[in-house]
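Notes follow once the structure below has been shown.
Numbering (the working numbering), first residue to last: 99 to 490.
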């Protein structure tokens with residue numbers, strides 16, 4: 099199988115490496131600005147594209163390169179049901195969940211409905227079709243402040259505001275709609291009761307076309323800034339064995355109800371009483387997947403490739419084992435003197451520490467573009483237990 103990588107940066111490098119290790123060819127999508135980027139050389143070939151958001155152009159480049167499959171990475175078009183459908187319609191294999199599953203559960207609104215149908219508790223809120231400001235305002239007051247306003251098609255902290263006072267409602271709705279339309283071409287909003295204090299825990303799930311569904315344990319993503327994850331770890335220090343098993347079973351139930359295939363993540367919040375509430379499904383490979391790889395010893399991208407070929411999952415649930423503790427830190431190009439705003443320019447120096455895993459798409463001399471996410475790398479440390487992982 100020859101894989102076209104419809105992405106850039108560290109995830110494109112990660113997918114190219116997995117293709118090479120599995121004896122598969124790889125083609126990197128490369129825009130004009132990325133001609134010298136690391137991912138352009140990580141793959142066996144590079145194919146020129148206008149944009150990582152141009153679905154038709156990406157498919158045309160994949161077919162011209164003789165690719166058999168498309169891996170979307172994360173971000174960009176990775177959760178676009180329309181793009182997934184167009185890829186398969188073009189005769190290419192989509193390395194991800196089918197368009198039907200993305201539509202059923204990738205959207206936050208429909209995802210909550212699927213979770214409820216599977217008997218999984220969801221955060222109290224509103225996800226109705228009536229999106230008028232008057233209705234949303236009334237629903238916010240019915241839910242009771244504080245309320246979290248979220249873009250239905252959102253991710254990465256975009257299109258999210260916490261409303262703590264009635265006077266903030268109109269401005270929050272307007273700014274969330276504006277951000278959602280700009281980032282996701284979809285201005286629909288949903289409302290959730292803002293619970294605090296909570297922990298943010300997600301479960302990595304895998305499913306194949308033969309009906310097998312397993313979970314690979316949880317990741318704790320509670321350390322966030324501006325609603326964006328910055329540190330992730332596994333196992334979660336907030337879960338005991340019984341709660342860990344319960345949240346894993348909930349995640350599997352949701353994915354089965356959605357007819358899911360390939361890699362996906364179910365996100366939950368744990369309230370002060372330890373109750374798990376479903377948040378959303380990320381219908382793709384997560385940025386933080388190396389944390390799970392570190393504690394399971396499994397290669398999640400290789401699993402994706404295997405599932406896309408129609409093969410069954412390599413392990414049953416009872417065969418999956420966890421060992422040790424892992425922590426991932428995201429490294430960003432930001433300006434601390436400007437409230438940590440993204441910082442663009444040329445990376446003058448880059449030196450990687452020993453004894454930890456570094457997933458990156460940059461090197462000394464790389465251009466850091468203002469047009470993309472400023473994450474430069476992920477540092478993953480592993481130890482026999484949490485203190486050892488922190489000390490690593």
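Where a beta carbon is used, it is the ideal one built from N, C-alpha and C, also for glycine.
Remember, predicted model here, so these are calculated numbers, not experimental data.
Identity of the residues DSSP links to residue i by a beta bridge
i, result
"residue 298", "367"
"residue 143", "125"
"residue 458", "475"
"residue 304", "312, 361"
"residue 481", "423"
"residue 223", "290"
"residue 443", "466"
"residue 448", "Beta-bridge pairing links residue 448 to no other residue."
"residue 433", "439"
"residue 326", "323"
Span separating the alpha-carbon of residue i from that of residue j
i, j, result
"residue 418", "residue 278", "38 Å"
"residue 310", "residue 326", "32 Å"
"residue 284", "residue 365", "21 Å"
"residue 230", "residue 209", "21 Å"
"residue 219", "residue 349", "11 Å"
"residue 120", "residue 152", "28 Å"
"residue 177", "residue 393", "26 Å"
"residue 372", "residue 336", "8 Å"
"residue 488", "residue 196", "38 Å"
"residue 202", "residue 182", "14 Å"
"residue 456", "residue 214", "38 Å"
"residue 299", "residue 334", "7 Å"
"residue 291", "residue 246", "6 Å"
"residue 207", "residue 452", "43 Å"
"residue 163", "residue 154", "14 Å"
"residue 159", "residue 450", "34 Å"
"residue 360", "residue 198", "13 Å"
"residue 482", "residue 175", "37 Å"
Cβ shell of residue i (< 8 Å), same chain only, five flanking positions each side left out
i, result
"residue 129", "106, 146, 147, 148, 149, 150"
"residue 205", "250, 251"
"residue 469", "131"
"residue 444", "463, 464, 465, 466"
"residue 289", "223, 224, 225, 234, 237, 238, 241, 245, 246, 247, 248"
Other residues of its chain near residue i: CB distance less than 6 Å, five sequence neighbours each side excluded
i, result
"residue 104", "127, 156, 168, 170"
"residue 369", "293, 296"
"residue 329", "321, 427"
"residue 430", "472, 473"
"residue 306", "405, 410, 411"
"residue 492", "Only positions 99 to 490 of the chain appear in this structure, which leaves residue 492 out of reach."
"residue 458", "108, 475"
"residue 425", "331, 479, 487"
"residue 354", "311"
"residue 117", "101, 124"
"residue 193", "167, 169, 402, 406"
"residue 433", "439, 441"
Residue i, buried or exposed, once every other Cβ within 10 Å from all chains shown has been counted against 16
i, result
"residue 377", "buried"
"residue 282", "buried"
"residue 191", "buried"
"residue 324", "exposed"
"residue 446", "exposed"
"residue 189", "exposed"
"residue 461", "exposed"
"residue 234", "buried"
"residue 232", "exposed"
"residue 253", "buried"
"residue 382", "buried"
"residue 391", "buried"
"residue 438", "exposed"
"residue 187", "exposed"
"residue 318", "buried"
"residue 395", "exposed"
"residue 124", "buried"
"residue 180", "exposed"
"residue 388", "buried"
"residue 217", "exposed"
"residue 316", "buried"
"residue 362", "buried"
"residue 436", "exposed"
"residue 55", "The shown model of the chain, from 99 to 490, leaves out residue 55, and the question about it has no answer."
Same chain, Cβ closer than 7 Å to residue i, neighbours up to 5 away in sequence not counted
i, result
"residue 138", "126, 128, 132, 144"
"residue 109", "171, 172"
"residue 415", "312"
"residue 122", "99, 100, 101, 403"
"residue 408", "307"
"residue 525", "The question about residue 525 has no answer here: the residues shown for the chain are numbered 99 through 490."
"residue 200", "177, 179, 182, 381"
"residue 212", "202, 203, 352, 355, 356"
Residue i at chain B interface by Cβ criterion, 8 Å
i, result
"residue 116", "The chain labelled as chain B is not found in the depicted structure, where only one protein chain is given."
Sufficient close CB pairs (3 or more, under 8 Å) joining the stretch 391 to 409 to the stretch 208 to 224: Result no; under three Cβ-Cβ pairs closer than 8 Å.
Three CB pairs or more closer than 8 Å across the stretch 260 to 268 and the stretch 226 to 241: A contact exists between the stretch 260 to 268 and the stretch 226 to 241.
Stretch-stretch touch, CB-based, cutoff 8 Å, three pairs: the stretch 269 to 277 with the stretch 340 to 349: No: fewer than three Cβ pairs fall under 8 Å.
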